[in-house]
Amino acid sequence: MKSVLHAASLAEAQEALRQANAQGISLLPIGNQTRLARCLPDAQPDSFLSLSGMDQILGLDAEDWVCRVEPGLSPQALEQSLQGLGLELGVRSPGATNGTLGGLFMAPEVSLFHSRWGPPRDQVLGARWLLADGSLVTTGSSVVKSVAGYDVTRLFLGSRGRLAVCVEMILRLRPRARRSQWWTRQATAFPSSERSGLDLAFSLPGEDVLYLRGDALAVAATDTWENCEPQKGRAALARCLDAFATCGFRLTHAQSRDIRLEKGPVDWLSHQQGFKIRPELLPPSSLLHPPTQESPWLTRLQLACTPKSLPLGGLQKA
Amino acid sequence: MTLSASLIAALRIAVGKRWVLTDPAALLAYESDALTLFRCQPGAIVLPQSQDEILRCAQLFQETQTPWCARGAGTGLSGGALVPPGGVILGLSRMNRILDLDPDTQIAVVEPGVVNADLDRAASAHGLRYAPDPASWNVCTLGGNVAENAGGPRCFLHGTTTNHVLWADVVLPDGSLERWGDPSGEQQDLDLRGFLVGSEGAIAVATKIGLRLQSRPATSETLLAAWPSIRPACETVAAVVASGLLPVALEVMDQAAICAIEDSNLRAGLPTDAGAILLLEMEGGVAQVAADTDAMESLVRAHGPTEVRRARTARERLALWKGRKGAGGALGRLGRDSLVMDGVVPRSRLADIMDVVSAIRKETGLPIANLFHAGDGNIHPHFSYDARDPEQAAQVIAAGDRILRACLDMGGSLSGEHGIGVEKEHLLAEQFDEASLALQHRLAQAFNPDDLLNPGKGLPLRRGCMEVFRRHSPAKVS
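Quick look at the structure:
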């Protein structure tokens with residue numbers, strides 16, 4: 166059984182990394198472990214560093230559509246704070262309730278808003294990070310457009326905690342869709358001519374229905390679309406995002422850009438059992454996201470981040 | 295420092311004799327990009343036509359430890375496409391083929407020398423477009439756009455180049471070839487593609503690029519509103535953004551910029567008596583644009599403009615945008631030399647940064663025009679001056695630094711789309727602390743260990759080579 170260190174502040178996280186580094190112990194940052202499957206395949210940490218206690222909104226600038234958050238905050242908690250401001254996070258991914266924003270952005274994750282606002286990492290303007298030796302660095306900026314310095318933010322996002330520990334993110338917020346309306350249609354071929362003006366298009370496992378949401382004046386609805394009660398649409402969205410929040414899901418991002426959920430083996434990771442994975446319940450590797458093979462660049466970049474420290478997540482297997 | 299005859303000979307074998315240029319007249323054309331403040335004559339120009347030729351060249355540069363950089367159309371505005379003496383510039387303008395354009399997946403595959411507007415034109419045949427639209431889009435290349443993460447007016451709604459690059463085949467300084475990213479745009483591995491975009495040509499050279507296209511909107515509307523001064527125009531921008539109406543572009547121009555356009559062949563009927571104008575573009579479905587433009591017009595009118603007008607015809611609309619995009623050129627006529635600054639503030643601070651610019655204009659007497667991507671808080675003060683006058687040139691540089699420092703004080707950034715290059719590296723340490731800059735340097739070194747690819751740019755830590763890029767060289771100016 167591996168131990169978990171809990172950091173409730175930047176200073177605590179920094180101290181944990183410094184001590185681990187001094188003792189030659191490798192750490193891997195985690196949040197609420199809802200996406201741990203994607204982080205573990207090739208990582209061999211001695212212990213975990215949980216950041217789920219760092220869950221504050223540090224700043225919210227509604228006028229500039231920017232907010233500053235700690236990584237342990239849940240997407241749902243952020244959405245609640247944004248309600249009434251006409252703003253929302255440009256990401257809709259599984260784990261909205263149980264997961265953390267840190268996990269969402271650090272694990273390669275898909276978003277139901279992809280066709281509207283791009284992939285999750287497009288929503289992060291800048292961040293503060295702790296490197297494996299505990300040193301604090303800043304990347305990106307807090308304005309919506311900046312090309313000063315290399316785009317280290319994008320390189321670190323999606324790196325599953327192997328390059329740096331995210332301790333703060335500056336997120337770009339998006340305006341809520343105006344004149345928003347819900348429809349359903351059969352989950353058959355969905356030509357691009359029917360997709361304009363939509364911000365959501367998804368289906369649920371076992372159902373042949375595609376749920377659609379968009380600007381009532383902008384969409385190209387056809388006779389095959391049926392109006393859907395907003396309540397029903399929102400319920401479907403909640404099911405889509407939460408029913409599979411604990412690793413047993415796969416979102417396939419088809420070339421056609423609509424997103425379909427497929428049910429995988431659920432409950433393979435039991436939180437009560439600590440971090441020991443029950444091998445018989447491990448999803449087949451085809452369900453793991455990302456593939457089990459690490460990028461050949463990982464080791465080189467870990468060395469560049471902290472030339473003298475044990476890398477986050479431990480040394481690569483030979 | 296001159297290049298060895300054996301390297302020149304090997305390069306001639308690699309790309310063909312006529313595509314290696316060494317005569318002084320040819321080299322002169324490549325001694326600067328569009329930021330003429332910095333000049334440095336390269337040792338040779340090589341014009342490859344294929345990925346294999348680039349690979350071969352990279353291997354030769356590695357073997358001979360020759361500094362080199364890739365260059366598109368040379369429209370960059372931060373001195374990014376310069377090499378130190380004895381270095382080689384790889385001009386990619388001959389690699390200008392659109393290799394694939396798939397209307398179903400809405401993905402285009404291009405060579406780096408394809409001109410931005412050419413891709414957009416090719417896409418329009420399928421009802422598609424390429425969204426990022428830098429002012430130089432008629433000449434700038436997509437490879438250069440990738441290196442600098444180019445922006446443009448439409449980026450307010452559609453994002454900058456990095457939001458539209460799905461993947462790239464890259465040649466690394468050690469002469470190897472890799473593919474970064476994939477057609478889904480959902481990076482499942484380390485986002486090397488994301489690190490490449492905006493790396494100012496210093497980690498790898500893209501030889502083939504997969505770009506996301508999008509449907510052309512069914513219709514567009516342009517609104518023009520005028521005020522006696524720039525502050526209410528900036529405040530209206532904040533109100534428009536807060537309304538959630540989502541125009542595709544929000545551009546502000548001051549009187550100096552308006553008059554320069556109206557005095558040029560780009561005349562668009564702009565109100566020359568206005569202190570500032572705001573251009574707003576709406577796009578989308580017919581019903582949506584009609585409703586949103588009406589809402590926008592009443593919102594703008596509530597901010598007390600002296601005039602609000604809608605472009606009545608497509609021709610009138612295009613004239614307005616042609617004026618905006620050509621404003622840099624029109625302003626170029628006002629002085630012997632031009633310097634276009636690039637800085638970013640939170641958009642709620644636009645009026646404040648304009649006060650700073652205006653104070654500097656009063657204090658120094660320098661002609662400064664303003665035209666900027668207001669929706670993104672991305673300002674572009676435009677200085678007209680005479681580079682032959684060292685005192686005036688120094689004054690322009692000092693004024694530019696003051697504006698950029700004010701941007702940083704307001705929580706902004708040193709650059710929104712032009713890049714750091716050789717222009718701003720001395721200020722970068724004021725935006726990032728030492729540990730963060732050192733990290734950037736180490737990460738870049740992982741890709742470019744011998745610092746052969748585009749050395750001396752982008753980071754103050756690479757200053758070793760910096761001094762070779764001279765600011766102002768009057769002897770060279772004709």
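As they're listed, the protein sequences go chains Y and E. Counting from 166, one number per residue, gives the positions in the first sequence under our numbering. Counting from 295, one number per residue, gives the positions in the second sequence under our numbering. In this text, a Cβ means the ideal position worked out from N, Cα and C, and glycines have one as well.
Is the beta carbon of residue i less than 8 Å from the beta carbon of residue j?
{"i": "valine 309/Y", "j": "arginine 286/Y", "result": "no"}
{"i": "serine 191/Y", "j": "leucine 475/Y", "result": "yes"}
{"i": "glycine 469/E", "j": "alanine 624/E", "result": "no"}
{"i": "leucine 290/Y", "j": "serine 276/Y", "result": "no"}
{"i": "arginine 629/E", "j": "aspartate 680/E", "result": "Per the sequence shown, residue 629/E should be read as glycine rather than arginine. Result yes, Cβ atoms of glycine 629/E and aspartate 680/E sit closer than 8 Å."}
{"i": "proline 236/Y", "j": "leucine 250/Y", "result": "no"}
{"i": "isoleucine 673/E", "j": "glycine 637/E", "result": "yes"}
{"i": "glutamine 288/Y", "j": "leucine 254/Y", "result": "yes"}
{"i": "arginine 343/Y", "j": "leucine 252/Y", "result": "no"}
{"i": "asparagine 443/E", "j": "threonine 435/E", "result": "no"}
{"i": "valine 340/E", "j": "valine 314/E", "result": "yes"}
{"i": "valine 256/Y", "j": "arginine 293/Y", "result": "no"}
Step through the CB atoms of chain E and report whether any lies within less than 8 Å of the CB of residue i.
{"i": "alanine 354/Y", "result": "no"}
{"i": "alanine 382/Y", "result": "Checking the displayed sequence, the identity of residue 382/Y turns out to be leucine instead of alanine. So, interface residue."}
{"i": "proline 284/Y", "result": "yes"}
{"i": "aspartate 298/Y", "result": "no"}
{"i": "arginine 343/Y", "result": "yes"}
{"i": "serine 258/Y", "result": "no"}
{"i": "aspartate 373/Y", "result": "no"}
So, is residue i buried or exposed, given that buried needs 16 or more other C-beta atoms within 10 angstroms?
{"i": "alanine 299/E", "result": "exposed"}
{"i": "aspartate 670/E", "result": "buried"}
{"i": "threonine 607/E", "result": "exposed"}
{"i": "aspartate 398/E", "result": "exposed"}
{"i": "isoleucine 348/E", "result": "buried"}
{"i": "threonine 353/Y", "result": "exposed"}
{"i": "histidine 720/E", "result": "exposed"}
{"i": "serine 678/E", "result": "buried"}
{"i": "aspartate 388/Y", "result": "exposed"}
{"i": "glutamate 459/Y", "result": "buried"}
{"i": "aspartate 396/E", "result": "exposed"}
{"i": "arginine 609/E", "result": "exposed"}
Can you tell me whether residue i is helix, strand or coil according to DSSP?
{"i": "asparagine 186/Y", "result": "helix"}
{"i": "aspartate 398/E", "result": "coil"}
{"i": "isoleucine 302/E", "result": "helix"}
{"i": "methionine 547/E", "result": "strand"}
{"i": "serine 707/E", "result": "strand"}
{"i": "tryptophan 362/E", "result": "strand"}
{"i": "glutamate 253/Y", "result": "strand"}
{"i": "methionine 590/E", "result": "helix"}
{"i": "arginine 606/E", "result": "coil"}
{"i": "serine 344/E", "result": "coil"}
{"i": "threonine 318/Y", "result": "helix"}
{"i": "glutamine 351/Y", "result": "strand"}
{"i": "glutamate 472/E", "result": "strand"}
{"i": "threonine 296/E", "result": "coil"}
Nearest chain Y C-beta to residue i closer than 8 Å, yes or no?
{"i": "cysteine 434/E", "result": "no"}
{"i": "glutamate 575/E", "result": "no"}
{"i": "asparagine 672/E", "result": "yes"}
{"i": "leucine 560/E", "result": "no"}
{"i": "isoleucine 714/E", "result": "yes"}
{"i": "glycine 479/E", "result": "yes"}
{"i": "serine 514/E", "result": "no"}
{"i": "proline 447/E", "result": "no"}
{"i": "leucine 660/E", "result": "no"}
{"i": "glutamine 482/E", "result": "yes"}
{"i": "glutamine 689/E", "result": "no"}
For a contact defined as C-beta to C-beta under 7 Å, what are the partners of residue i on chain B?
{"i": "asparagine 410/E", "result": "Given the protein chain composition of this structure (Y and E), no chain B is represented."}
Quiz item: Do the stretch 273 to 286 of chain Y and the stretch 477 to 488 of chain E meet, that is, are 3 or more Cβ pairs less than 8 Å apart?
Solution: Touching, per the Cβ criterion.
Self-check item: the stretch 370 to 383 of chain E contacting the stretch 352 to 360 of chain E, beta-carbon criterion three pairs below 8 Å
Solution: yes
Quiz item: Between the stretch 309 to 326 of chain Y and the stretch 362 to 382 of chain Y, are three or more C-beta pairs nearer than 8 Å?
Solution: no
Quiz item: If we count Cβ pairs, one from each stretch, closer than 8 Å, do we get three or more for the stretch 527 to 545 of chain E versus the stretch 483 to 498 of chain E?
Solution: The stretch 527 to 545 of chain E and the stretch 483 to 498 of chain E do not touch, with fewer than 3 CB-CB distances between them shorter than 8 Å.
Self-check item: Validate contact between the stretch 298 to 307 of chain Y and the stretch 255 to 275 of chain Y using beta carbons, cut 8 Å, 3 pairs
Solution: No, the stretch 298 to 307 of chain Y does not touch the stretch 255 to 275 of chain Y.
Quiz prompt | Sufficient close CB pairs (3 or more, under 8 Å) joining the stretch 599 to 615 of chain E to the stretch 660 to 669 of chain E | solution = no
Exercise. Could you tell me whether the stretch 383 to 403 of chain Y touches the stretch 571 to 586 of chain E, where touching means 3 or more Cβ pairs closer than 8 Å?
Key: yes
Practice problem: Say whether the stretch 743 to 757 of chain E touches the stretch 711 to 726 of chain E, bearing in mind that this needs 3 or more beta-carbon pairs closer than 8 Å, one atom from each stretch. | Solution: yes
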